[in-house]
Structure formats: structure tokens, C-alpha cells
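Asks: Everything in the sequence shown is counted per my numbering, starting at 747 for the first residue and increasing by one.
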Amino acid sequence: MALLLFFVVSMSIWEIARYGGAVRTEIESLAIANSDSQQWSLAQLEVEFDQMRIALLMFDPDDPVRVREFSQRFDVFYSRVETVMNGDAFGRVFDGSSVLSRMGSLREFTVSTAKIVDAGPQAVADAHPPLSSQMADLALNVRAISLQGIREFAVAAQDQRERVYSSLVRLAAVAGVLVTALSMGLFGLWYLWQFGARKTRSLRSAKLRFEAVINTALDAVVVVDQDARVVEFNPAATTIFGYSTQEAIGRSLSELIVPDHLVEAHEAGFKRYRDGGTARVVGKGLISMEAKRKNGELFPVELSISSIRLGNRELFVSYMRDITRRVEAENDLISARDQAMQSERAKAAFVAVMSHEIRTPLNGLLGTLENLKVTHLTGGQKRYVQAMEYSGAILLGHVNDVLDVEKLEAGKFDFARVALSPYELANRIVETVAADAQERGNRVLVEAVGDVPGFIVGDPARILQILMNLVGNANRFTEDGSVTIEIEFHNAASQIEYRVIDTGVGIPEGDVDRVFEDFVTISADNARSGSGTGLGLGIARRVVRAMGGQIGVESEVGEGSVFWFSIPADTAASIDAGPVEAESGSVAPTPRSQAPLRILVVEDNAINRDVLCEMLMRGGHSFEAVVDGAQAVRAASSSVFDVILMDLNMPVLNGTDATRIIREGDGPNATAPIIAVTANTAKDITERLRAEGFSDVIIKPITKRKLDEVMQISVRPGSALSDAASGVIVNEEILSDLGEALGADRLRHTCERFVDEGYQLIAEMRAMIGQRDVAGYAKVAHKFAGSAALVGANALMELLLIQEQQAHTRTLAALTVDLSRLEGVFAQTCDALEARLAA
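1. In whole angstroms, what separates the C-alpha of D883 from that of L914?
2. Considering only C-alpha positions, which residue in the set Y1169, V970, A1382, A1573 is nearest to V1198?
3. Whose C-alpha, out of P1206, V1179, R1189, D1356, is nearest the C-alpha of A1165?
4. Taking 7 Å as the cut-off, decide whether the C-beta atoms of I1508 and Q1574 are in contact.
5. Report buried or exposed for A1172, applying the criterion of at least 16 other Cβ atoms within 10 angstroms of its Cβ.
6. Going by DSSP in three states, T1557 sits in which element: helix, strand or coil?
7. Would you kindly report the start and end of the unbroken alpha helix (DSSP H) that includes R1189?
8. At a cut-off of 6 Å, would you count A1286 as near the ligand ZN, judging by its Cβ distance to the nearest heavy atom?
9. Going by beta carbon distance, what residues of the same chain come within less than 8 Å of M1035, once the five residues before and after it are set aside?
10. Starting from the Cα of V1217, find the closest Cα among N1237, A1534, I1175 and give me that residue.
11. In chain order, what residues of the same chain have a beta carbon less than 6 Å from the beta carbon of S1384, not counting five sequence neighbours either side?
12. Tell me which same chain residues have a C-beta within less than 6 Å of the C-beta of R1039, skipping the five on either side of it?
13. Hey, A1404 and G1375: beta-carbon distance below 7 Å or not?
14. Let me know the alpha helix (DSSP H) ranges lying completely inside the segment 842-889, each 4 residues or longer, listed in chain order.
15. Is it right to say Y911 is buried, meaning 16 or more other beta carbons lie within 10 angstroms of its own, or is it exposed?
16. Looking at the unbroken beta strand (DSSP E) that takes in F1016, where does it start and where does it end?
17. Looking at S1312: is its Cβ nearer than 7 Å to the Cβ of E1243?
18. Please return the same chain residues whose Cβ sits closer than 7 Å to the Cβ of N1400, not counting the five positions on each side in sequence.
19. At which residue ranges does the segment 899-957 contain complete alpha helix (DSSP H) runs of 4 or more residues, listed in the order of the chain?
20. How about E1550 and A1524: do their beta carbons lie closer than 7 Å?
21. Does I1209 pass the burial test, meaning 16 or more other C-beta atoms within 10 Å, or should it be called exposed?
22. With DSSP as the reference, please indicate the residues paired to A1422 in a beta bridge.
23. For the candidate residues M1392, A1437, D1388, whose alpha-carbon lies nearest to that of N1415?
24. Roughly how many angstroms lie between the CA atoms of R975 and W936, to the nearest whole one?
25. Would you list, in sequence order, the uninterrupted beta strand (DSSP E) runs of no fewer than 3 residues that lie entirely inside the segment 1017-1081?
26. When you compare only the Cα positions, how much space is there between G895 and Q904?
27. Near V1571, which residues of its chain fall below 6 Å by C-beta distance, leaving aside the five closest residues on each side in sequence?
28. Can you tell me which of the three DSSP states V1333 falls into?
29. Using C-beta distances below 6 Å, list every residue in its chain close to V1386, excluding the 5 sequence neighbours before and after it, in chain order.
30. Just to check my reading of the structure: F795 and V870 have Cβ atoms closer than 8 Å, yes? What is that Cβ distance to the nearest angstrom?
31. Using C-beta distances below 8 Å, list every residue in its chain close to A1286, excluding the 5 sequence neighbours before and after it, in chain order.
32. Could you have a look at I1408 and say whether DSSP puts it in helix, strand or coil?
33. Output needed for I1421: all residues of its chain with C-beta closer than 8 Å, excluding positions within five of it in sequence on either side, in chain order.
34. Between which residues of its own chain and G934 is the CB-CB distance below 7 Å, once the five residues before and five after are set aside?
35. Mind checking E1498: buried by the 16 CB within 10 Å criterion, or exposed?
36. Considering S1383, what are the terminal residues of the alpha helix (DSSP H) in which it resides?
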């Protein structure tokens, strides 16, 4: 090392001496350089040439001053040319460049001009034009010579400076090497001393930090060696496990904290890891397990183990946390959740039972009243029946309100997305409340604000429900005034807004914020007492919010109120957004006169059974009535029925089991439409019952109209009703209304689209049969029925709805026959539409 250092120092001194001499020479050369003077001479060459030209221009042979001025300027220029031409310093400027030829022409000019100047003023005056011309030609040469000289001298000066700079850099580098070599020796000695000191401090600091972390950790830290004996046991470990550090150090981990039933597995795992096996705990993150305290108590811990290697020795560091309180809290939460869920299930069960128990007698009451209305009654009796019917409807409304609240709070509401007319919905409300409004001396109006689209996409049933609550409320608190339904569509936000404006009594300021709360009723002298539960506005608010909208009210006592709500709604552009459906979300055909059917009525409640039979009798149908599922199975196995009306909750054998037995058997009614009659209003009740084999569902209380509608779409192909339904191919009234709404051109375009779509959907249905996809067949049939309903293709629509309902109970061969029949009806529909449009 010392020899290498001596060699480097010696070479550095020699290099400094050598490069020092070169630097001195370059500096001396730079000191005596006269490039600046030479550059000035070249610059003056052009200046003096220009001065001579000016003197020539002003030359006057009769003016001694002008003659002397020109002579002096020429002499100066002549001297400058001779200096440049004969100077050794200018050699590099002329050597090998075009400047030499330029200087030659310049010298020729000065020699020839000198002879003229020596000849006297008159000679100069005579040669004035040629001289001026020559000078003009030489001006560019003079400029080129001057610039070339400046460039050459600049390059030379730059080269010289670079040589000096390079010599200085080399000298500095050699000096730097020398200084570095000398410094390295000193630094090496200092570094070795510092390195030892740092290592000592680092080890001491690391030890102190490790002890601080271990001693202040809230979690137990236990370090064990390869034999599972404790080498570190921090204060938190003593607190959690009950052992002092002295007690724990050196003892086996198994006898300290491992529960007795886990000792064998712990020791086997430790041995497997030491023998090179797969780590199942070490380095696997947090693991929950049981540990044991000094007093033998078992408790839950969260454990993480990592390993470190010190030379040939491996240590295992365990971090353990007592999670007893957390586990207890989790168990409390689980218990609270289970109790809440149990309470919710009990609530749902209670609501379902109460719904059934209230709706069942209501069904008997309202059905009996409906049957009673068609009998011969006196004027007083008719008023009594109307009063009872009105009271029953109010009670049914209250039941529905409670069920709606339960569904909305449970998040069980589904919203349809179908094309609907905002204006038509408002008109329906007007028709519904017209009689009550007239009785109170009120006018109900509908107004459109701005450009309201003809069709939007939304849930018509829920919009009607909200409007009915708001308009009914407005009419109740208004007398001899008006209730206006304003409709406005906000294009930018894609929202439809309804405003219900009344001229009634208004709402006190202190009650405005409470009107949407449940069971809140605002009293007024002219409001009908006892006509509401206080749930209507609360339900409206829940429905609007569930649809992603907003609802509010503005009111002033004595002036009236404005209730408004806005909900998201895309424009439907006629049928482009899909079929216009009834407010229930599915297409419901208008009930018509039905051909007589043979019906099996299965109902254990005598009143409801009598009401159903009376309704069927009034419709001209024949029926057989039984009181339980077992009797229904026997009746269905021996007689053919067009429809079976099946109650669900019955003694001996319930309706679901009876339906399954009928479907699985080979009796004459295995494929007959079976309609479930229930008071259950759960949102998925229809899907659940169809999965059990029912064709459709009718919810109590039952009216004759509702019964006729369900039977009309559920009757199986080939029955009397199905045959009777084929009388009207296209409903002229529906088609005319559609034409008025769309115009002739768009009506034709709509019908053409319907025909094209129909061929495509029939092809899809045929493909579904080939794929044995009955559910897909039913889905396509439903979609096709919606389109048929829009253009008034009643016969096609009813047949499609029948096939949708029957698809799950029909064989593939039967579906093929049904599809052939459907194609025939579709062809008739296309012909009827074409004839109608051509008219």
C-alpha cells in the first residue's frame, strides 16, 4: 500500500513539472499575441475604404480642401492595403483562401489610382466616373476580406485559449491526483478508526431500540430458539400470560402458553419445520388460536410468527395479542344481528299472516257486496251497500299502505321500466277523483309546462300511486276551489316532475316539515276526518326516494299548497323504448265476454268459496267446489276442467302440494291452468308459485273483473275462451289512438317495425324449442305480447300471454303445435294491419 502510494506521488510530481512548462510557454505566447491589433487593421481597411469613397464623391478639382481631403484618404487606404499585404501576421488569412485574389484586385486598384492621384486634381476629376465604378465593385471584396480576417483570427484565438485551458486542466488533474493520493492515506487511517466507533455505537443503539420496542409493545413478544425455549419475554407477555420474565426465560414454550390439547400438534409442527418441512404458521400472517395463562385459563389470541437467522442459529419471534374483548364484542354483534334478523323475520311473518287474515274476510265482504249490487235492491239498500263497499275499500287501502311501508323499508320493491304517457297518467287520476272532487265543489285540471314528451320510461303503477296520494290529499283539504296537476320534463336532468297545486286551506309553517312522516295527519275544519292513516305521504316519499327522485311541499295557510316530486325518466320516443304496458308492469287484456268454462273451485273458507262460485255463476260458468287439496286431487283426476282456482292454506292437503300432485300425475288436468288464490302480497310470490307449477296468481280480495282478467289470460289453448278470443284480430280503437298520438307516417313505421320484429321473435321462439329452453320461450313470448298490445293486436297478444303462462307445463311437442298456431294468428295480424294502413 505504501509502495503504491509512493509511486503515485512520484508520477504526479513528474507530470506537474512537465505540464507546468507547457503551460508557461502557452501563456507567454498568449501574452505577446497581437491578434486584436491585426483584427483592428482589417476592420479599418473597410472603414478607410468607405471614407475614401465618400471623399471621391465630394471631390471638386477647383476646391483645394476637397482635393486635399481625397488625397489624404487615398494615401491612408493605400498604406493600409500595403500593411495588410506585407504583414506576416496576415498570412493565415490569405493562405489557401479566396481572400488572396480579392487582395490582389485591391492592390491593383491602389497602384493604378495612385498614378491618377499623382497626375493632379484634373486627372482625378477626369477619372472620377471610372474610379467610382471600380470602388463600387471593390466594396464587396473589402467587406469579405475584413470578415474573413475576423473569423480567422477568432478561430486562432479560440484554439490558443483551448490549448491553454487543456494544459491547465491536465495540470490541475495531476495536482488533484497528487492531493487525492496524499488524502487517501490520511482518510484510510481516519476511516478505520471511525468504522470501529460507528459499529460499536450502532450495536449499542440497536440493542437499546430493540429493548425499548419489546418492553413498550402492547402485544406480547416471545422469542424462542430452535428448541422452542424462550429467550425473550417482554413485559406485555408477563401481563397477558402471568409469568415473570425470570420464570419464562429458558423454559419450553409448550409448557408455558400452549393449551394442553394443542401441545402435541405444536411440537410436531415445530419438528417438521426444523426438518425442512413446509411452514404452516411461520411467516403466514395473523392466525387466531387459543393460548393458556399461568392459572390454566384458555383465551383467544391473534398470533404472528417470523423467523430470523443469526449465523447458524435460528430464532422465532412471536407477536401475540389478547383478543378476548374483541371476540366477546363480535359475539355480541352476531347475537344482536341474529336477534334483529329473528325480529325482522317475525315482523315479516306477522305482516304476512295479518295480511292473509285481514284480506281473507275482506275478500268475502267485498265479494259478497259486489254480488249483492247486481240483485234487486231498493234505493236505501243500494246506499247501504255503497257505504259498506266504500268502508271496505278504505280498510283495504289501509292494509295495502301498511304492506307498502313494510316492503319499502325491507328494500323489496321492484320498479318496472316501461313506456308510458305522463299526460295519460294524470288524466287517469282526474277520472278517478272526479266524483269526489265534484262533491266538494273542486275542479281538477291537468296542465303541461313546456315540451312534455309523449312517452317516457318508468313505472306507471308507482307514479299513479304517488299522484293518487298527492291529489287525494289536495282534494281532501280543498273546497270550492281547484286542484291542478302540472307536468314538466327537464331535458338536461332527464327527469319528469309533477306538481299538485291546490287552493285549499294550506299547511301551518310548523307542520310543513312533518307532513311526510308516518301517521301524521294535519287537521282542518273542511277536511274529512278519519279518512286516512297518515301513511299516504310517507309512502309517497319512500317510493320517490326508492326511484331515485325527490319530493317536497310548499304551502301558505289560506292560500293553498304545492306538492311536487321529480323522478329520473328517459324519453321513450314512442315504442323505441319498449312496449307500453299496463301499470302493473305486465300486459293486461281488457276483459271481454267469456264463453262458458268448467271450473274447479278449491277453497276451505265457506264465505270465500260462496263468493267465488257466485261470481262464476254470474259469468255463466259451471263449477265444482271442494274444500281441501285432497278433494281437489280426486276431482282433478276424474273430470276435465278448463281452469282450477286453488287456495293455498287448506287443511288435509295444502294448495301447493295438491298442485304438484296434479302436475306430476297423468290425469286429464295435468296441463290445465291452475290459478293460485292467496292473500300473500310478497313481491316474489308470483315467481315462487309459478315455480311450484301454478299458471298464475290472483291476490285477495277478488273482484269479478280481476277474476275474469286472470282466467282470460290463463285459459289453456283449445278451450272455449281461447277460441272465443280469436274474434278480434286488431283493436281498431287502440290503433286509432296510436295513430292520433304518432301521426300517420310514424304509425306506419311503427307497424312495419312490429311486423319485422315479429318474424324475428318467432324465429327466436322456434330456436328456443330446438334448444329445449322453455324459460327462454316464455320470455320471448312475453316480450312479443308487449309489442302486440301496443299496436292493438289483441288476438295475437292473448295467445302469446297464454303460451307464456303455459310454457312451463307444456311438452316440447305441444309447444311446437302452439308455435304453428301462433304463426297463423301472426299472419292474420299482418294482413289486418296492412289492410288498416292501406285504408
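Backbone N, C-alpha and C define an ideal beta-carbon position, used for all residues, glycine too.
Replies: Short version:
1. 48 Å
2. Y1169
3. P1206
4. no
5. buried
6. coil
7. Per DSSP, R1189 belongs to no alpha helix (DSSP H); it is in the beta strand (DSSP E), 1189-1195.
8. As presented, the structure is devoid of all ligands, the ligand ZN included, so that no description of it is given.
9. L1008, P1046, V1047, L1049
10. I1175
11. none
12. F987, G988
13. yes
14. 845-864, 867-872
15. exposed
16. Careful: F1016 lies outside any beta strand (DSSP E), inside the alpha helix (DSSP H) at 1009-1020.
17. yes
18. G1375, L1394
19. none
20. yes
21. buried
22. M1392, V1443
23. D1388
24. 44 Å
25. 1033-1038, 1044-1056, 1059-1068
26. 14 Å
27. A1541, L1542, L1545
28. Residue placement at V1333 is flagged as unreliable, the pLDDT there being 35, under the threshold of 50; a coordinate-derived value is accordingly withheld.
29. P1414
30. 17 Å between Cβ atoms; not a contact.
31. Q1211, I1212, N1215, L1216, F1262, I1297, F1311
32. helix
33. V1389, I1390, L1391, M1392, F1440, S1441, D1442, V1443, I1444, V1456, M1457, S1460
34. none
35. exposed
36. 1375-1384
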